[in-house]
Amino acid sequence: MPFIRRHFTPPSLRFRTFLRANRFFLIGVLLLILYNAYLVFTNQQGDELIAINRLRTDNLDWVFIVGTQLGEPIAYVAVIIGFLCYRIRTAIFVALTGGAVGIITGLLKLYFAEARPMRWFFDNFEATWHNLNLFDESMRNWGDTSFPSGHSASAFALFSFVSFNVRRPKILVSILCFLLATEVAFSRMYLLYHFLRDVTAGAFLGLVIAIAMYFLQWKLAPDNRLLNDGLGWTSTSNLPASDERLHPDTE
125 MPFIRRHFTP PSLRFRTFLR ANRFFLIGVL LLILYNAYLV FTNQQGDELI AINRLRTDNL
185 DWVFIVGTQL GEPIAYVAVI IGFLCYRIRT AIFVALTGGA VGIITGLLKL YFAEARPMRW
245 FFDNFEATWH NLNLFDESMR NWGDTSFPSG HSASAFALFS FVSFNVRRPK ILVSILCFLL
305 ATEVAFSRMY LLYHFLRDVT AGAFLGLVIA IAMYFLQWKL APDNRLLNDG LGWTSTSNLP
365 ASDERLHPDT E
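All letters in the sequence shown, in the order written, are residues 125 to 375 by this note's numbering.
See below:
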């Protein structure tokens, strides 16, 4: 038997309201991006990877090999399934967010054509390359698709979008989403796939895409009850018409 819940009005699309509701997550991400940008401009490229590479252990290998998959399509599929039970509209835009990230980062990679760390170290600092604690050949990427980091953009877009759309418990969800996105970005450096500049640009790009998609999702038939319900929810309730509209939090 389908569940019954009260319907709600679309959230306010005022940018100030959005900032207030998501202030903790946004502050955390922006501080991280600013700190990373500072490190990028005050250190030589590659120094961060050399330092991170010294931390390598078998346990950390497992953590980051698994964790980096949170920026891949499998993570989007899991989130889409979850949101289908909550709100079909949001599930659709999770998929669109992933598509937007893939297209934009793909075009940027083709435009910049920056060497991956493996190739960059080998071509410019071969002695350093030989001293790195390298992964198996099957995990090495010698391409020219380093900038920006697609996994970082994907993870920050996905988890930012999730954080923006979940109302309760807001702070706990925001912290979890921040940590998961950060893990993906760090894993790209740990696995020697990207430089700090790549993951920083990817994180910023992902955040911007998530914000754009959050507002865009409510521009498409905002009062459509089918889109605003999840699978298994009824489209009406036994409450009086005047009580059926549930206003979202604006705190």
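Think of the CB as a built atom: it goes at the ideal place given N, C-alpha and C, for glycine as much as any other residue.
- Query: Rounded to a whole number of angstroms, what is the C-alpha to C-alpha distance between Leu316 and Glu261?
  - Reply: For this step, residue 316 is matched to residue 192 along the sequence shown. For this step, residue 261 is matched to residue 137 along the sequence shown. Computed Cα separation, rounded: 12 Å.
- Task: Alpha carbon to alpha carbon, how far is Glu238 from Leu355? Give it in angstroms, no decimals.
- Result: In the sequence shown, residue 355 corresponds to position 231, counting from 1. In the sequence shown, residue 238 corresponds to position 114, counting from 1. So the two alpha carbons sit approximately 44 Å from each other.
- Item | Assumed close pair Gly170, Phe319 - CB separation to whole angstroms, cut-off 8 Å | Taking the sequence shown and counting its residues from 1, one reaches residue 170 at position 46. Taking the sequence shown and counting its residues from 1, one reaches residue 319 at position 195. So it is a contact: roughly 7 Å between Cβ atoms.
- Query: So, do the region 288-302 and the region 251-268 have three or more beta carbon pairs nearer to each other than 8 Å?
  - Reply: no
- Are three or more beta carbon pairs between the region 274-282 and the region 241-253 nearer than 8 Å? no
- Item | Three-state class that DSSP yields for Trp253 in the structure shown | As a first step, residue 253 must be located in the sequence shown, where it is residue number 129. Helix, per DSSP.
- Message: Can you check which of these residues, Leu194, Pro346, Ile212 and Phe271, is closest to Glu307 by C-alpha distance?
- Response: The count along the sequence shown starts at 1 and reaches residue 307 at position 183. Comparing Cα positions, the closest option is Leu194.
- Task: Evaluate the contact criterion for the region 163-181 versus the region 190-206: three or more CB pairs, one atom per stretch, below 8 Å.
- Result: no
- Message: Within a Cβ cutoff of 7 Å, which residues of the same chain sit near Val323, ignoring the five residues on either side of it in sequence?
- Response: Residue numbering aside, residue 323 sits at position 199 when the sequence shown is read from its first letter. Closer than 7 Å at Cβ, skipping near neighbours: Ser273, Ser276, Ala309, Arg312 and Met313.
- Task: Spatial neighbours of Asn146 within its chain, please: CB distance less than 6 Å, with the 5 preceding and 5 following residues excluded, ordered by chain position.
- Result: Walking along the sequence shown from the start, residue 146 turns up at place 22. Excluding residues within five positions, the ones whose Cβ falls inside 6 Å are Phe288.
- Please list, in chain order, all residues of the same chain as Asp268 whose beta carbon is under 6 Å from its beta carbon, the five residues on each side excluded. Residue mapping note: residue 268 aligns to position 144 of the sequence shown, counting from 1. Around Asp268: Ala237 and Ala239.
- Task: Give the straight-line distance between the Cα atoms of Ser298 and Gly326, rounded to the nearest whole angstrom.
- Result: Along the sequence shown, one-based indexing puts residue 298 at 174. Along the sequence shown, one-based indexing puts residue 326 at 202. Each residue's Cα considered, the two are about 19 Å apart.
- Could you give the distance in angstroms between the alpha-carbon of Arg213 and the alpha-carbon of Trp253? Working through the sequence shown from its first residue, we reach residue 213 at position 89. Working through the sequence shown from its first residue, we reach residue 253 at position 129. Roughly 48 Å separates the two Cα atoms.
- Does DSSP put His318 in a helix, a strand or coil? Indexing the sequence shown from 1 puts residue 318 at position 194. In the structure shown, His318 sits in coil (DSSP, three-state: anything other than H, G, I, E or B).
- Query: Apart from the five residues just before and just after Ala161, which ones in its own chain have a Cβ nearer than 7 Å to its Cβ?
  - Reply: Translated into positions along the sequence shown, residue 161 becomes position 37. Cβ neighbours of Ala161 beyond the five flanking positions: Thr324.
- Of the listed residues Gly330, Leu208, Asn255 and Asn248, nearest to Ser284 (C-alpha basis): Working through the sequence shown from its first residue, we reach residue 284 at position 160. Looking at the Cα atoms, Gly330 is the closest of the given residues.
- Which of helix, strand or coil DSSP assigns to Ser150: The residue you call residue 150 lines up with position 26 of the sequence shown. Looking at the sequence itself, residue 150 is Leu, so the reference to Ser does not match. Looking at Leu150 - three-state DSSP - the assignment turns out to be helix.
- Task: Closer than 6 Å by C-beta to Ala305: which residues in its own chain qualify, once you throw out the five before and the five after it? Chain order, please.
- Result: Sequence index remark: in the sequence shown, residue 305 carries index 181 (1-based). Within the same chain, Ala305 has close Cβ partners Ala279, Phe280 and Phe283.
- Query: Near Ile151, which residues of its chain fall below 6 Å by C-beta distance, leaving aside the five closest residues on each side in sequence?
  - Reply: If you number the sequence shown from 1, residue 151 lands on position 27. Hits under 6 Å: none found.
- To the nearest whole angstrom, what separates the beta carbons of Thr221 and Ile333, a pair I think is in contact under 8 Å? The sequence position of residue 221 within the sequence shown is 97, counting from 1. The sequence position of residue 333 within the sequence shown is 209, counting from 1. The pair is a contact, with the Cβ atoms about 6 Å apart (cut-off 8 Å).
- Alpha carbon to alpha carbon, what distance is there between Pro134 and Leu370? Taking the sequence shown and counting its residues from 1, the one referred to as residue 370 is at position 246. Taking the sequence shown and counting its residues from 1, the one referred to as residue 134 is at position 10. Residue confidence is low: Leu370 scores 36 on pLDDT, short of 50, so the model does not pin down where it sits. Its coordinate-derived value is still stated next. Going from the Cα of Leu370 to the Cα of Pro134 covers about 9 Å.
- Measuring alpha carbon to alpha carbon, tell me which of Asn352, Phe339 and Lys343 ends up nearest Arg140. In the sequence shown, residue 140 corresponds to position 16, counting from 1. The shortest Cα separation from Arg140 among Asn352, Phe339 and Lys343 belongs to Phe339.
- Work out the CA separation of Val225 and Leu143 for me, nearest whole Å. Along the sequence shown, read from residue 1 onward, the residue named residue 143 stands at position 19. Along the sequence shown, read from residue 1 onward, the residue named residue 225 stands at position 101. If I take the Cα positions, the gap works out to 22 Å.
- Leaving aside the five residues before and after Leu154 along the sequence, list all residues of the same chain whose C-beta is less than 6 Å from its C-beta, in chain order. Working through the sequence shown from its first residue, we reach residue 154 at position 30. Correct list: empty, nothing qualifies.
- Item | Given Ile216 as reference, the closest of Cys209, Ala251 and Ile204 once Cα atoms are compared | Mapped onto the sequence shown, residue 216 falls at position 92. Of Cys209, Ala251 and Ile204, the residue nearest in Cα terms is Ile204.
- Just how far apart, CA to CA, sit Asn348 and Ile228? For the purposes of this step, residue 348 is taken as the residue at position 224 of the sequence shown. For the purposes of this step, residue 228 is taken as the residue at position 104 of the sequence shown. The alpha-carbon atoms of Asn348 and Ile228 are separated by roughly 29 Å.
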